[in-house]
Amino acid sequence: MIDPTYMYGQLFNMGYDDVYRVSGADGDPRNFADPYNIPSTINGWQEFWKQWKTQLTDTSAMGDVAKFATVSDHYFRRSPEQRTNPNYSFDPNYKFDSDDAEVTIPGAGCPGSRVLIAAHGDLAPVSPTIVGEINNPTGSTAAADGFGAARRHITLSNLSNGGAYDDTSGVAMTMAEYQALLRWYAANGTYPSKTFKVALIDADAGRAKDGTYMREGSEYYTKNLIPKGPQGQYAMFGMMNANGASYPAYHLGTAHYWNNTTGGGVGPWHTFITDTPSAANQLYPDTAGAIAANSSAISAFDGDLKNAVTGGFAQQSAKYNGSIKQENPLRYDASGSAPGALPTPTTPETPTVPAYTPAEQAQYSAVHPAGTAPEAQMLSTEDPAASFWKSGIPGFSVGGVQDTNSVENPYPTTTSDAVKATPIIQHMGGTSLQIGNESSLVGGMSTAAAATAVGDTNVKVASVGTATAPLYVAGQPFVVDTGQNVEVGQIATVGTAGATGTGITLTAPLKYAHASGVPFRVDEGQPVGLTGDSVEHLNMWASGAPHGVDDESQPTEELIRALELPATYTALLVSDSKYAGAVAAPKGTVAYFETTPVNPTDTKTVSFDASFARNADGTTDGLTYYWDFGDGTSATGKTVSHTYTAAQWADVKLVVAKGSDDSAWGVYRQALAVNSPTGSAPATPACGTLSTAERSTLITAAKAAGVTGGSAPAKEVH
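Counted from 1, the sequence shown has number 197 at position 197 by UniProt numbering; the numbering is strictly sequential.
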């Protein structure tokens with residue numbers, strides 16, 4: 001069971017204490033005492049990462065199974081700032097490394113297979129280009145490239161807020177899911193069968209030149225932290241995105257939302273549950289064949305995910321009597337508050353309505369493959385899970401509303417269809433909820449004046465604005481079209497308007513054909529309405545109130561339900577026997593190791609780390625270690641380094657010993673691709689297990705090297 005008090009406590013504390021969180025700009029991540037680690041009220045990146053690591057290894061919060069948890073840091077340097085401005089030059093390079101941090105609990109049944117839940121913790125930075133926009137000598141107040149643009153870039157960053165929705169909510173959910181699973185194992189005297197990982201993904205909030213999120217931390221993880229051999233592959237992953245403005249919460253806690261203030265009947269927020277496509281589609285063409293190669297497992301996962309969602313709905317329905325309160329006491333179809341403001345006073349003041357029904361699950365929490373999603377107007381390729389989907393790994397992302405579209409539309413009914421059809425990226429995904437109409441929109445609103453074909457580099461537009469108030473400027477990102485045909489890019493030059501005008505020239509050819517009349521706009525959010533991705537605003541969108549009844553540290557009921565439901569079905573899915581599963585708690589040592597680099601593609605020297613290994617009680621006291629490097633050499637010690645003489649697939653084996661009873665000694669193997677070898681990986685078991693004969697031979701060699709279950713010095717044996 002998810003502990004909602006713990007989950008909201010982490011969301012509240014991290015969302016308040018650790019603001020902005022710009023990766024690569026808060027000192028050396030290896031040194032918390034670095035003088036460039038600035039206060040968490042200015043940039044709380046270091047403090048946020050520290051809190052996450054501390055909590056996930058804290059037995060008082062997580063229980064004794066957390067003794068088996070090991071923290072790993074994977075450092076990388078993020079790309080320079082991509083956005084530029086002709087009126088201001090600056091150094092675009094980040095000065096410090098980013099960190100994909102993860103916590104690992106090695107499996108006791110099938111440690112070579114991994115299960116991952118993850119979320120990203122960094123937040124959107126302000127681009128230095130705002131200096132050039134504010135100091136624009138030709139259009140100081142222009143929405144496209146003057147003060148209006150600077151205002152947009154400031155308010156759509158996470159400056160001075162803790163990213164409560166995007167993405168502290170997702171991080172808090174992973175912590176609560178992990179806690180629930182560890183408590184479940186402890187209560188049942190069991191332990192994960194597969195290796196269970198929780199990751200805090202970094203550098204996922206940076207923007208590319210075309211305006212999309214680059215998701216560098218997710219890309220780094222899939223390209224650098226997944227071994228190439230049969231061991232270390234992922235049975236599943238779950239990516240927790242921005243949650244809270246999602247089912248079963250109602251828009252502002254009422255059915256009388258802005259787009260139907262008179263009649264009411266507006267349903268709850270949607271939750272977007274997106275999983276790996278089992279076949280190629282327009283957004284996921286699968287040119288590398290990774291999806292096709294794992295199609296069977298992906299299809300099976302889709303069924304398991306849907307079953308878990310159904311199970312989560314049933315569990316929450318039983319807990320909350322199949323209902324939820326619409327908490328907002330205000331009625332937008334009358335003056336004042338309910339019930340007195342209504343023509344005929346009614347009770348209760350905040351109506352209780354049915355929830356968690358099969359019909360509402362199908363309507364508001366359907367599972368759909370990436371690239372076919374109803375929220376595709378916010379490109380699913382921007383999802384932090386996209387790099388995992390492209391790799392053919394079975395998995396899903398879950399999150400609430402991110403942009404305006406036909407599925408989740410906040411506009412009044414008086415707003416034109418043209419505006420409603422235009423995707424407002426960052427509807428809530430950054431820091432704003434767009435609640436205005438045409439007069440409040442800033443910059444880049446126009447349509448294509450002629451059809452375009454695949455490969456075109458010029459788009460004719462109905463309007464380009466005026467010299468003093470341009471709609472578009474060179475260098476800006478654009479988004480064209482809607483639905484499955486939406487695509488983004490960058491503007492090279494801006495010409496004249498009309499079907500026969502010189503139009504807008506693009507920096508790269510179009511991927512899709514687009515009809516005349518489709519939206520063509522600047523790919524930036526519109527900072528109109530409530531700005532600031534704070535805990536109060538997240539509560540407000542879920543319930544109509546900034547916090548619970550007692551004080552600001554208490555959540556609204558609708559917000560906590562919107563977080564608890566997806567956390568519940570995620571934990572149910574992870575516990576399934578196909579994924580993390582459960583086996584009897586260890587009776588002997590648990591053997592497991594990882595390497596640096598994970599894939600030594602251009603080196604023969606590899607570091608081996610067995611600090612993940614544990615005694616049956618979760619400690620490391622008295623453990624000794626023996627390594628067979630798979631090339632005729634061996635070594636002892638917890639962490640060792642070895643240089644191979646040639647490129648090869650090495651079947652590396654580890655013994656972890658404690659005590660004289662060698663039947664309780666743990667063993668593990670992993671195939672390692674050293675220096676980009678030719679040929680296929682050895683056909684060793686994906687679980688990393690050894691046959692009885694292999695185990696006997698390995699333990700005999702370990703004893704010959706002096707490993708007896710007592711202390712042994714680290715040494716390399718040839």
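Here a beta-carbon is modelled for each residue, glycine too, at the ideal position from N, C-alpha and C.
Original post:
Is Arg-21 helix, strand or coil when you go by DSSP?
Top reply: By 1-based counting over the sequence shown, the position of residue 21 is 21. DSSP places Arg-21 in coil when its eight states are reduced to three.
Subject >> Those residues which DSSP pairs with Asp-275 across a bridge >> reply: The residue given as residue 275 occupies position 275 in the sequence shown. The partner list for Asp-275 (beta bridge, DSSP) reads Pro-369, Phe-396.
**OP:** Kindly confirm or deny that the segment 92 to 112 and the segment 236 to 246 touch, where touching means at least three C-beta pairs closer than 8 Å.
**Re:** no
Original post:
Which word fits Gly-265, buried or exposed, when buried means at least 16 other C-beta atoms lie within 10 angstroms of its C-beta?
Top reply: Taking the sequence shown and counting its residues from 1, the one referred to as residue 265 is at position 265. Result: exposed.
Original post:
With DSSP run on the structure shown, which of helix, strand or coil describes Leu-62?
Top reply: As a working mapping, residue 62 is identified with position 62 in the sequence shown. Per the sequence presented here, residue 62 reads as Met, with Leu not at that position. It is helical.
Subject >> Every unbroken alpha helix (DSSP H) inside the segment 109 to 173 [4 residues or more] >> reply: 130 to 134, 147 to 155
Subject >> Classification of Gly-465 by the beta-carbon crowding that lies within 10 angstroms, buried from 16 upward >> reply: Within the sequence shown, residue 465 is the residue found at index 465, counting from 1. So Gly-465 counts as buried.
**OP:** Below 8 Å on the Cβ atoms is my guess for Phe-76 versus Tyr-220; work out the distance and round it to an integer in Å.
**Re:** By 1-based counting over the sequence shown, the position of residue 76 is 76. By 1-based counting over the sequence shown, the position of residue 220 is 220. Confirmed, about 5 Å.
Original post:
If you drop the 5 nearest sequence neighbours on each side, which residues of the same chain put their C-beta closer than 6 Å to that of Pro-4?
Top reply: Counting from one through the sequence shown, the residue named residue 4 turns up at place 4. Ile-560, Glu-564, listed in sequence order.
Original post:
To the nearest angstrom, how far is it from the Cα of Pro-566 to the Cα of Gln-476?
Top reply: In the sequence shown, residue 566 corresponds to position 566, counting from 1. In the sequence shown, residue 476 corresponds to position 476, counting from 1. Approximately 36 Å, taken between the alpha carbons.
Original post:
To which residues of the same chain is Gly-107 closer than 6 Å at the C-beta, ignoring the five residues directly before and after it?
Top reply: Residue mapping note: residue 107 aligns to position 107 of the sequence shown, counting from 1. Only Pro-192, Ser-193, Lys-194, Thr-195 meet the Cβ criterion.
Subject >> Among Tyr-257, Ser-634, Val-454, Pro-230, the one whose alpha carbon lies nearest that of His-514 >> reply: Here residue 514 refers to the residue found at position 514 of the sequence shown. Taking only the C-alpha atoms, the option nearest His-514 is Val-454.
**OP:** For Ile-291, I'd like the list of residues in its chain whose CB is within less than 8 Å of its CB, leaving aside the five on either flank, ordered along the chain.
**Re:** As a first step, residue 291 must be located in the sequence shown, where it is residue number 291. Here the set comprises Thr-276, Pro-277, Ser-278, Ala-279, Ala-280, Tyr-284, Ile-298, Trp-389, Lys-390, Gly-392.
**OP:** For Ala-702, name the three-state secondary structure that DSSP assigns.
**Re:** The count along the sequence shown starts at 1 and reaches residue 702 at position 702. Correct three-state label for Ala-702: helix.
Original post:
At what residues does the beta strand (DSSP E) containing Asp-97 begin and finish?
Top reply: Residue 97 sits at position 97 when you count from the first residue of the sequence shown. Looking at the DSSP string, Asp-97 is not in any beta strand (DSSP E), and its letter there is neither H nor E.
Original post:
Between Ala-542 and Gly-253, is the Cβ-Cβ spacing less than 8 Å?
Top reply: Residue mapping note: residue 542 aligns to position 542 of the sequence shown, counting from 1. Residue mapping note: residue 253 aligns to position 253 of the sequence shown, counting from 1. Yes, they are a contact pair.
**OP:** Identify which residue in Leu-116, Pro-86, Ala-591, Thr-645 has its Cα closest to the Cα of Thr-620.
**Re:** Looking up residue 620 in the sequence shown gives position 620. The candidate whose alpha carbon is nearest that of Thr-620 is Ala-591.
Original post:
Just reading off the alpha helix (DSSP H) that Ser-558 is part of, what are its end residues?
Top reply: For the purposes of this step, residue 558 is taken as residue 558 along the sequence shown, with counting starting at 1. Reading the sequence as shown, one finds Glu at residue 558 and not Ser. From DSSP, the alpha helix (DSSP H) with Glu-558 extends over 557 to 575.
Original post:
According to the Cβ coordinates, are Thr-190 and Ala-681 closer than 8 Å?
Top reply: Locating residue 190 in the sequence shown gives position 190, where the first residue counts as 1. Locating residue 681 in the sequence shown gives position 681, where the first residue counts as 1. No, these two residues do not count as a Cβ contact at 8 Å.
Original post:
Under 8 Å, do Val-480 and Val-494 count as touching if we go by C-beta distance?
Top reply: Taking the sequence shown and counting its residues from 1, one reaches residue 480 at position 480. Taking the sequence shown and counting its residues from 1, one reaches residue 494 at position 494. Against a cut-off of 8 Å, the Cβ pair of Val-494 and Val-480 comes out as no contact.
Subject >> Euclidean distance between Cα positions of Val-652 and Ala-671 >> reply: Residue 652 sits at position 652 when you count from the first residue of the sequence shown. Residue 671 sits at position 671 when you count from the first residue of the sequence shown. Val-652 and Ala-671: Cα-Cα distance of roughly 6 Å.
**OP:** Quick one: residues in its chain with C-beta nearer than 8 Å to the C-beta of Pro-509, no 5 flanking neighbours on either side, listed in chain order?
**Re:** The count along the sequence shown starts at 1 and reaches residue 509 at position 509. Counting only Cβ-Cβ distances below 8 Å, and skipping sequence neighbours, we find Val-454, Gly-455, Asp-456, Thr-457.
Original post:
DSSP three-state call for Ile-298: helix, strand or coil?
Top reply: Working through the sequence shown from its first residue, we reach residue 298 at position 298. Reduced to three states, the DSSP call for Ile-298 is helix.
**OP:** Classify Arg-78 as buried or exposed, calling it buried when 16 or more other Cβ atoms lie within 10 Å of its own Cβ.
**Re:** For the purposes of this step, residue 78 is taken as residue 78 along the sequence shown, with counting starting at 1. Classification of Arg-78: buried, given that the 10 Å Cβ count is 16 or more.
Original post:
Taking Cβ to Cβ, would you say Leu-123 is nearer than 8 Å to Val-22?
Top reply: Residue mapping note: residue 123 aligns to position 123 of the sequence shown, counting from 1. Residue mapping note: residue 22 aligns to position 22 of the sequence shown, counting from 1. Cβ atoms of Leu-123 and Val-22: closer than 8 Å.
Subject >> Close-in-space but distant-in-sequence residues of the same chain around Glu-382 (CB under 8 Å, 5 per side omitted) >> reply: Within the sequence shown, numbered from 1, the residue matching residue 382 stands at position 382. These residues qualify, in order along the chain: Thr-212, Tyr-213, Arg-215.
Subject >> Phe-32 to Ser-72 span [Cα, whole Å] >> reply: As a working note, residue 32 is residue 32 in the sequence shown. As a working note, residue 72 is residue 72 in the sequence shown. Approximately 16 Å between the Cα atoms of the pair.
**OP:** Check Ser-463 in the structure and name its three-state DSSP category.
**Re:** For the purposes of this step, residue 463 is taken as the residue at position 463 of the sequence shown. DSSP places Ser-463 in coil when its eight states are reduced to three.
**OP:** Figure out for me which residue from Ala-255, Thr-138, Arg-669, Ile-134 has the closest Cα to the Cα of Gly-148.
**Re:** In the sequence shown, counting from the first residue as 1, residue 148 sits at position 148. For the residues Ala-255, Thr-138, Arg-669, Ile-134, the minimum Cα distance to Gly-148 belongs to Ile-134.
Subject >> For Ser-397 and Thr-274, the rounded distance between their alpha carbons >> reply: Working through the sequence shown from its first residue, we reach residue 274 at position 274. Working through the sequence shown from its first residue, we reach residue 397 at position 397. Thr-274 and Ser-397: Cα-Cα distance of roughly 5 Å.
**OP:** Note down, in chain order, each residue of its chain lying with its Cβ closer than 8 Å to the Cβ of Val-707, except the 5 sequence neighbours on either side.
**Re:** Residue mapping note: residue 707 aligns to position 707 of the sequence shown, counting from 1. Thr-624, Tyr-625, Tyr-626, Thr-636, Val-655, Ala-657.
Original post:
Where do the N-terminal and C-terminal ends of the beta strand (DSSP E) with residue 748 fall, by residue?
Top reply: The structure shown has nothing for residue 748, since the chain only spans 1 to 718.
**OP:** Round the Cβ separation of Met-1 and Ala-180 to the nearest angstrom and send it over; I've been treating them as touching at under 8 Å.
**Re:** As a working mapping, residue 1 is identified with position 1 in the sequence shown. As a working mapping, residue 180 is identified with position 180 in the sequence shown. With a Cβ gap of about 6 Å, Met-1 and Ala-180 count as contacting.
Original post:
Between Ser-676 and the rest of its own chain, which residues show a CB-CB distance below 8 Å, the 5 nearest in sequence each way excluded?
Top reply: Stepping through the sequence shown from its first residue, residue 676 is reached at position 676. Result list for Ser-676: Thr-601, Asp-602, Ala-647, in chain order.
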